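Peer 1: Under the numbering used here, the first residue of the sequence shown is numbered 3, with each subsequent residue one higher. Backbone N, C-alpha and C fix where the C-beta goes; we use that ideal spot for every residue, glycine too. All figures in this text were calculated on a predicted structure; none of them were measured in a lab. If you scroll down you'll find the structure; I have some questions about it.
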Amino acid sequence: MSRVVRTYRTDHVEVTWAPSLCIHTGICMRELPEVFDTGELPWVQVEGAEADAVMQAVAMCPTGALAARPLPEGANPYEPSGPLEFRPHDAGPLYVRGDIELTDPETGEVVRCSRVALCTCGRTEDAPFCDDSHRKKVKADVEAGPSKEALDDAAG
C-alpha cells in the first residue's frame, strides 16, 4: 500500500496528505480554513494556525488522508482515542475510527491506522479504501434520469 504522500511542516507540526485516500469531505476546510484552502497553492498552509489547532483539525479527517504529528521528534501525537467506531455514510463509505489493522489483499502488507473510509459500493479502484467512485455512480444515475421500470411503476 505504498502511496504518494505530500508533507507540510513548521517547526512545531508536520502534516502529511495522502491524495489517494482523500475523498474530499471538506471537513478540514470547514474546521480550519486558514490552514486548509483549495484556492491556494499549496492548499495546506500549516503556519496558518497553532500546532494544536492543526492537529485537532487533522484528527477530524474521517479517511486518514490527513495525518499530523507534533515536532520536534518525540513529542506526543494528537490522535483520537476511544473504542472502535463504525459510521456508515448514505450511499458512500463506511467510516471506521479506532485502532485499525488492515491487510493489503495483494501484498499481504499490514497497515495500522486510526481512521479510514472503506468502500461499500464495490466500485473503488483502491480496495478496500473508498476512492469516491460512489459519487460518480450517483452523478451518472442522476444524469441518466429514471429508468423505464421506475416510470412504469410511477404511472401505476
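Quick one: which unbroken alpha helix (DSSP H) runs of 4-plus residues sit fully inside the segment 40 to 99? Chain order, please.
Peer 2: Listed in chain order, the alpha helix (DSSP H) elements of length 4 or more contained wholly in the segment 40 to 99 are 53 to 61.
Peer 1: I'd like to check one pair, L120 with P95: are the Cβ atoms closer than 8 Å?
Peer 2: Taking the sequence shown and counting its residues from 1, one reaches residue 95 at position 93. Taking the sequence shown and counting its residues from 1, one reaches residue 120 at position 118. Contact annotation: P95 and L120 have beta-carbon atoms nearer than 8 Å.
Peer 1: Pick helix, strand or coil for I25, following the three-state DSSP scheme.
Peer 2: On the sequence shown, position 23 is the one that residue 25 refers to. Coil at I25, not helix or strand.
Peer 1: What do you get for V48, buried or exposed, if any count of 16 or more other CB atoms within 10 angstroms of its CB means buried?
Peer 2: Mapped onto the sequence shown, residue 48 falls at position 46. Looking at its Cβ environment, which holds 16 or more other Cβ atoms inside 10 Å, V48 is buried.
Peer 1: Please state whether the Cβ-Cβ distance between H26 and D133 is less than 8 Å.
Peer 2: As a first step, residue 26 must be located in the sequence shown, where it is residue number 24. As a first step, residue 133 must be located in the sequence shown, where it is residue number 131. No, they are not a contact pair.
Peer 1: Kindly give me the distance between the Cβ atoms of C24 and A59, rounded to whole angstroms, as I take these residues to be in contact under 8 Å.
Peer 2: Along the sequence shown, read from residue 1 onward, the residue named residue 24 stands at position 22. Along the sequence shown, read from residue 1 onward, the residue named residue 59 stands at position 57. Incorrect: roughly 14 Å between the Cβ atoms, too far for contact.
Peer 1: With distances taken from CA atoms, which of V15, F88, C123 is nearest V1?
Peer 2: Absent from the model: residue 1. The displayed extent of the chain is 3 to 158, so no value can be given.
Peer 1: With burial defined as no fewer than 16 other Cβ atoms inside 10 Å of the residue's Cβ, what is the status of F88: buried or exposed?
Peer 2: Within the sequence shown, numbered from 1, the residue matching residue 88 stands at position 86. Classification for F88: exposed.
Peer 1: In the DSSP assignment, what are the bridge partners of E103?
Peer 2: By one-based count along the sequence shown, residue 103 stands at place 101. In DSSP, E103 forms a bridge with R114.
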